[in-house]
Amino acid sequence: MHSAKLTIAIFKKSILFVFVIFTCSFASAQENAPYSRFGIGDLAPTQNIVSRSMGGITTGFIDVAGFATINLTNPAALGSLNSTLFDFAFEIDKRTLKNSNTVGKFSSNNTTISYLQLGFPITPKKMLKKGNYWGVAFGLKPVSKINYKVLEDKRIIGIDSLSTLYEGTGGINQANISTGVKIKNFSFGLSTGYSFGNRDISTKKEFVNDSIFTYHKSNSQTQSNFGGLFLTLGALYDIKLKNNNLIRIGASANLKQKLKGKKDKISETIFYANDGTVISWDIIDSIKNLAGNVQVPASYSAGFTYTNPHWVVGADIDYAAWKNYTYFGATDALQNTMKLHIGGQYYPATATTTAKKYWRFVKYRAGFYYGNDYVKLGNNRPDYGFTLGAGLPLTSFQRLRFGEFVTLNTGIEIGQKGNKQITGLKEGIFKVNFGISMSAAWFQKRKYD
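If you're matching positions, the sequence shown starts at 16 in our numbering and goes up one per residue.
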């Protein structure tokens with residue numbers, strides 16, 4: 016009962032903060048990602064900010080000792096959750112597109128929510144006496160995002176100039192509930208919930224008159240909504256060594272998803288009102304409520320970490336079978352992906368470190384990743400980057416010793432997708448990440464301190 020009250024208190028005190036961030040996110044959404052036209056869109060990172068700051072190592076990683084976070088990739092890690100925890104993060108994203116055929120470049124900025132999670136231990140007393148643990152978590156996170164607007168002008172020989180506007184919005188989000196159990200050195204867990212999304216893709220064509228002829232503008236548009244259950248399985252195994260050293264091996268699997276949906280499709284001639292509103296002139300073809308499925312393929316991760324009181328180093332490898340993706344029966348220009356993540360964390364503090372030495376209580380993180388993007392147009396698009404980050408304690412060290420903590424997790428990612436010489440378009444990525452993790456005790460009212 017006491018734990019449930021703390022959970023409700025955390026939820027209530029977080030709502031206003033999350034609402035403000037969500038408002039800012041949508042207000043500043045200006046991103047233009049042309050490759051989000053393909054598949055389910057631009058894929059969101061699957062890791063939390065702590066793991067992303069270490070190059071993305073997460074499958075065999077558990078962050079504890081007063082700086083806990085919720086592992087978004089491997090639900091088995093919830094078996095080590097020892098206090099009620101609120102975990103929230105957002106990112107500021109700057110992208111720069113460079114084309115091999117042009118001298119200039121295009122930049123866009125975006126602010127988005129990375130995830131919102133609430134976790135707490137539910138270990139029964141009998142289970143606790145045996146040294147076993149049980150934790151649960153629930154929350155929201157984005158899976159992908161579609162957001163692009165591309166204008167193409169070209170001259171058609173013997174006719175007039177043709178202007179084509181490609182636009183798209185949408186994406187997929189997940190509401191999850193996850194649980195993990197730790198029995199001795201072995202942990203296992205699962206995460207399930209509902210994936211829901213939409214897709215609105217349009218192509219508008221307009222002849223730019225160089226002649227006496229008058230042409231109608233055209234619009235071809237497809238709108239769809241879809242949703243379905245998902246399931247993620249995870250496992251961890253701890254190999255204890257001397258002097259508090261530990262090797263932790265992990266694996267997780269996201270099973271194939273079948274998202275049921277309905278699609279509307281229209282081909283029409285249009286004109287623009289004085290205020291810019293698109294008005295239909297004549298409908299050429301229209302299909303309403305066409306039932307179908309979006310098949311999201313399975314993906315797998317495996318990794319390990321080596322941990323001692325000061326260091327964490329590890330590696331992950333991910334694989335996803337994107338060739339099996341279909342959208343209402345149609346395939347797309349996608350390929351299977353594999354990505355390697357390597358990174359680590361350094362924590363200078365010892366049991367005798369005094370509170371005056373603040374920077375010794377900071378966790379320093381770094382890493383890198385390398386793989387291929389799931390969009391394939393001709394040649395592979397390499398996807399690689401470097402990451403840095405830090406975990407900054409915001410509570411007094413006296414409270415930290417009693418399990419109360421508020422941690423600001425920060426991270427920077429510098430990456431690139433594609434190559435101008437190989438794929439014709441290079442996409443530079445610069446991300447700044449911020450996250451807050453809070454223990455349950457921080458939300459309790461104190462009569463004295």
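Think of the CB as a built atom: it goes at the ideal place given N, C-alpha and C, for glycine as much as any other residue.
> What residue does the beta strand (DSSP E) around Ser239 start on, and which one ends it?
Replying inline: Lys232 to Lys255
> DSSP on Arg67, reduced to helix/strand/coil?
Replying inline: helix
> If you draw a straight line from the alpha carbon of Val223 to that of Leu177, how long is it in whole angstroms?
Replying inline: 6 Å
> Given that a residue counts as buried once 16 or more other Cβ atoms are within 10 Å of its Cβ, and exposed if not, what is Phe103?
Replying inline: buried
> Between Asn47, Asn387, Gln310 and Phe376, which lies nearest to Phe420 when the distance is taken from Cα to Cα?
Replying inline: Phe376
>> Is it the case that the segment 311 to 328 contacts the segment 277 to 297, given that we only count it when at least three CB pairs across the two stretches are under 8 Å?
In response: no
> Is it right to say Gly393 is buried, meaning 16 or more other beta carbons lie within 10 angstroms of its own, or is it exposed?
Replying inline: exposed
>> Using a 10 Å radius around the Cβ and a threshold of 16 neighbouring Cβ atoms, would you call Ala83 buried or exposed?
In response: buried
> Per DSSP, what kind of secondary structure is Pro312 in: helix, strand or coil?
Replying inline: coil
> If you run the structure through DSSP and keep just helix, strand and coil, what is Ser452?
Replying inline: strand
>> Within 8 Å, do at least three Cβ pairs link the segment 59 to 69 to the segment 152 to 172?
In response: yes
> What are the partner residues of Tyr51, as DSSP defines its beta bridges?
Replying inline: It is Ser, not Tyr, that sits at residue 51 in the sequence shown. Ser51 pairs with nothing; no bridge assigned.
> Under a three-way DSSP split, which group does Arg375 fall into?
Replying inline: helix
> Excluding five sequence neighbours on each side, which residues of the same chain lie with their C-beta closer than 7 Å to the C-beta of Asn240?
Replying inline: Asn213, Gly276 and Lys277
> What are the complete alpha helix (DSSP H) segments, minimum 4 residues, inside the segment 380 to 421?
Replying inline: 412 to 416
> Thinking C-beta only, is Glu442 closer than 8 Å to Arg67?
Replying inline: no
> Going by beta carbon distance, what residues of the same chain come within less than 7 Å of Thr470, once the five residues before and after it are set aside?
Replying inline: Here the chain comprises residues numbered 16 to 464, so residue 470 is not present and cannot be evaluated.
> Should Ile128 be labelled buried (16 or more other beta-carbon atoms within 10 Å of its own) or exposed?
Replying inline: buried
>> Mapping the DSSP letters down to three states, classify Asn200 as helix, strand or coil.
In response: coil
> What's the C-alpha gap between Gly329 and Arg380?
Replying inline: 12 Å
> If you run the structure through DSSP and keep just helix, strand and coil, what is Lys113?
Replying inline: strand
>> Taking a contact to mean a Cβ-Cβ separation below 8 Å, would you say Leu261 touches Asp253 in this structure?
In response: yes
> Can you list, in chain order, the residues of its chain whose CB lies under 7 Å from that of Gln272, leaving out five sequence neighbours each side?
Replying inline: Ser210, Gly243, Phe245 and Val311
> Taking the alpha-carbon positions, what's the Leu349 to Ala366 distance?
Replying inline: 51 Å
> Can you list, in chain order, the residues of its chain whose CB lies under 6 Å from that of Asn448, leaving out five sequence neighbours each side?
Replying inline: Ile64, Glu106 and Gly426
> If you draw a straight line from the C-alpha of Pro324 to the C-alpha of Tyr362, how long is it?
Replying inline: 8 Å
> Rounded to a whole number of angstroms, what is the C-alpha to C-alpha distance between Trp326 and Ile137?
Replying inline: 29 Å
> Is it true that the CB of Gly430 sits closer than 8 Å to the CB of Tyr399?
Replying inline: yes
> Any idea what DSSP makes of Asn339, helix, strand or coil?
Replying inline: helix
> Which stretch, first to last residue, makes up the beta strand (DSSP E) that contains Lys141?
Replying inline: Unbroken run through Lys141 is the alpha helix (DSSP H), Lys140 to Lys144; no beta strand (DSSP E).
>> I'd like the list of long-range same chain contacts for Ser282, defined as Cβ closer than 6 Å, with 5 residues on each side in sequence excluded.
In response: Ser235, Ile299 and Asp300
>> Measuring straight from C-alpha to C-alpha, what distance separates Asn147 and Leu96?
In response: 11 Å
>> Quick check on Leu355: does DSSP put it in helix, strand or coil?
In response: strand
> Can you give the beta carbon distance from Ser454 to Ser217, rounded, assuming they're within the 8 Å contact cut?
Replying inline: 47 Å between Cβ atoms; not a contact.
> In its own chain, which residues sit with a C-beta less than 6 Å from the C-beta of Lys91, not counting the 5 before and 5 after it?
Replying inline: For the sequence presented, residue 91 should be read as Ala rather than Lys. Closer than 6 Å at the Cβ level, and outside the excluded window around Ala91, lie Gly195, Ser202, Phe203, Gly204, Gly249, Ala250 and Leu251.
> Ser95 bridges to which residues according to DSSP?
Replying inline: According to DSSP, Ser95 bridges with nothing at all.
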